[in-house]
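Heads up, the thing below is written out as structure tokens.
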Amino acid sequence: MNDSSGLEKFYISVHPQIFRIDTVRTFDLYAKNADGKVSLFHSAGDIYSADQHGRIFSDNIPALYIRNGDKGRYTRYLEENFPFIMDDPLINEQDKAEIAHEILTFIAMTLFSTPGAEIVTAFKNAIKHVTDMVLFNDDSVKYLIQLTSNGFHEYNHAVNVGIFGLGLAKEILGEEEGHDMAEIASGFFLHDIGKYTIPRHISRRNGPLSPEEWNIMRKHPEQGHRMLQAFNTLTDEVSTIVLQHHERHDGKGYPLGIKGNKIHTYAKICTIADVFDALTSQRPYRTPKSSFHALAIMQNEMKSEFDPDFFARFVRLFSKV
């Protein structure tokens, strides 16, 4: 999201092509003036016309804004209109990727602050449309990877791992039948939802954890599984990924300590995406690595942790970006 300085306290920036012509919203839209202040762009309850939409291009408007208090209304609008946005022939693939990334990030932000069955379902619905976009357009993964953020937030990590995992899953599973790619992708995006249950002083510790704190942290796969089960949003694919994404090829992972081919293919993919994003994202205790440096560390210092064929394909994925 492209928050402007000071505005994020009251407004959320949104991609200007998200709003569809001839639709009606239950929230106001704002645009930023030349002096940096926001003013009303389009009123709630009014039909959003082609002339109004044309102002985005004629006035070169880079972003629109909604009030923070309208997050819930905006989420419902996205749920209803996202499929039509993704099918709109007037929006190019790069803009669709930007819109998709923004929507995924927005929903993930809400999910990791107030998780519940309704928001998980909204997230999974959005993930399904993004998965379809990725499967049917080879450039979409490239555009989405270019949009990943290195910010230190659980929701950024969820979206990044989802994108990296989906890209790698397409490379490995894309030609095979019998895989529900949308549910697999949902597992990638939801892999760390159990961290919501971990006390913030542990999950955001600026330094090493004590043995007791580490034991608490290691419970997040099972906590996430229980949470999604309670929400009635757990499928076999999501269950496998959430439970196994910290297992390692050499058997030194957790919670089960399984290794090699005993780890499910979907979880092996998530593991690579998870570690790569951890290395390339900002953390309180270190600066992010470049993609090249992260891949080198994974190859030279962590080689035993990953399926070697899967890791080689991940490297090839980044050669296309």
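What the sequence shown shows, in this note's numbering, is residues 18 to 338, in sequence order. Heads up, the beta-carbon is just placed ideally off N, CA and C, and yes, glycines get one too.
By a C-beta neighbour count over all protein chains shown, 10 Å radius and 16 as the cutoff for buried, is residue i buried or exposed?
i	result
residue 117	buried
residue 203	buried
residue 36	buried
residue 179	buried
residue 227	exposed
residue 79	exposed
residue 337	exposed
residue 29	buried
residue 22	With a pLDDT of only 47 at residue 22, under the threshold of 50, the placement of this residue in the model should not be trusted, and no figure is reported.
residue 318	exposed
residue 310	exposed
residue 257	buried
residue 56	exposed
residue 291	buried
residue 324	buried
residue 51	exposed
residue 218	exposed
I need the straight-line Cα distance from residue i to residue j, nearest angstrom please.
i	j	result
residue 93	residue 322	41 Å
residue 76	residue 69	11 Å
residue 333	residue 185	9 Å
residue 73	residue 34	8 Å
residue 187	residue 224	36 Å
residue 39	residue 297	42 Å
residue 329	residue 277	16 Å
residue 19	residue 161	Here the model assigns residue 19 a pLDDT of 41, short of 50, so the residue's position is not dependable, and the following value carries that caveat. For residue 19 and residue 161, the distance between alpha carbons rounds to 16 Å.
residue 111	residue 235	38 Å
residue 157	residue 114	6 Å
residue 268	residue 163	33 Å
residue 196	residue 254	9 Å
residue 43	residue 123	18 Å
residue 139	residue 314	36 Å
residue 31	residue 212	27 Å
residue 247	residue 49	42 Å
residue 85	residue 47	12 Å
residue 159	residue 109	14 Å
If the criterion is Cβ atoms closer than 8 Å, does the pair residue i and residue j meet it?
i	j	result
residue 81	residue 58	yes
residue 238	residue 262	yes
residue 126	residue 91	no
residue 98	residue 305	no
residue 103	residue 150	yes
residue 165	residue 177	yes
residue 244	residue 201	no
residue 128	residue 136	yes
residue 252	residue 134	no
residue 259	residue 274	no
residue 142	residue 193	no
residue 62	residue 41	yes
residue 327	residue 280	no
residue 335	residue 307	no
residue 294	residue 174	yes
Of the choices the options, whose alpha-carbon is the least far from that of residue i?
i	options	result
residue 331	303, 133 and 285	285
residue 190	283, 89 and 130	283
residue 60	45, 53 and 54	45
residue 169	39, 73 and 303	303
residue 54	278, 27 and 67	27
residue 67	157, 107, 243 and 235	107
residue 144	130, 205 and 84	205
residue 182	195, 207, 193 and 194	207
residue 301	264, 47, 220 and 289	220
residue 214	289, 131 and 272	131
Can you check whether the C-beta of residue i is within less than 8 Å of a C-beta belonging to chain B?
i	result
residue 32	The structure shown contains no chain B; it is built from a single protein chain.
Is residue i near the ligand PLP, in the sense that its beta carbon is under 7 Å from a heavy atom of that ligand?
i	result
residue 57	Looking at this structure, you won't find the ligand PLP or any other ligand, since it has none at all.
task: Output the residue ranges of the beta strand (DSSP E) runs that lie fully inside the region 68 to 110 and measure 3 residues or longer, sorted by chain position.
output: 81 to 84
query: Which whole runs of the alpha helix (DSSP H) in the region 245 to 315 are 4 residues long or more, in chain order?
result: 253 to 261 and 282 to 297
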